[in-house]
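So the structure is just underneath, and the comments pick up after that.
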Amino acid sequence: MDEQLHCSECGTVIKDTYYQCLDNFIQAKFFDTDEENCFCSEECFCKYMSLTQIEVEENDNEA
Ligand SMILES: [Zn+2]
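Heads up, the sequence shown is in numbering that gives the first Met the number 0, so the first residue is 0 and it goes up one at a time.
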């Protein structure tokens, strides 16, 4: 019984520690099993959640 855990975003084999989302709503929405709620890094979790960086629009300040 030594099934390996894999990061759900990049597929990396998890060795010592991993990131898991503890939010009940997100768990119900995104993950069918505990194994899917498993990420090698915060970056991978953010990618999985489609986190993206948006620049603040500063049109009001333009001369
Ligand atoms: Zn990963």
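We put the CB at the ideal spot given by N, CA and C, even for glycine.
None of the values given here were measured: they were computed from a predicted structure.
query: In chain order, what residues of the same chain have a beta carbon less than 8 Å from the beta carbon of TYR17, not counting five sequence neighbours either side?
result: By 1-based counting over the sequence shown, the position of residue 17 is 18. Excluding sequence neighbours, TYR17 sits near LEU4, CYS6, CYS37, PHE38, CYS39.
message: On the DSSP letters alone, give me the boundaries of the alpha helix (DSSP H) that ASN23 sits inside.
response: Looking up residue 23 in the sequence shown gives position 24. First-last of the alpha helix (DSSP H) with ASN23: 23-29.
query: Is PHE44 buried or exposed, if buried means 16 or more other CB atoms sit within 10 Å of its CB?
result: The residue given as residue 44 occupies position 45 in the sequence shown. PHE44 should be labelled buried.
field: Separation of ASN23 from ILE13, as counted between CA atoms
entry: Position 14 of the sequence shown, counted from the first residue, corresponds to residue 13. Position 24 of the sequence shown, counted from the first residue, corresponds to residue 23. Distance between the alpha carbons of ILE13 and ASN23: 23 Å.
task: Could you confirm whether any beta carbon from chain C is found closer than 8 Å to the beta carbon of THR16?
output: Of the chains in the structure shown, none is chain C; there is only one protein chain.
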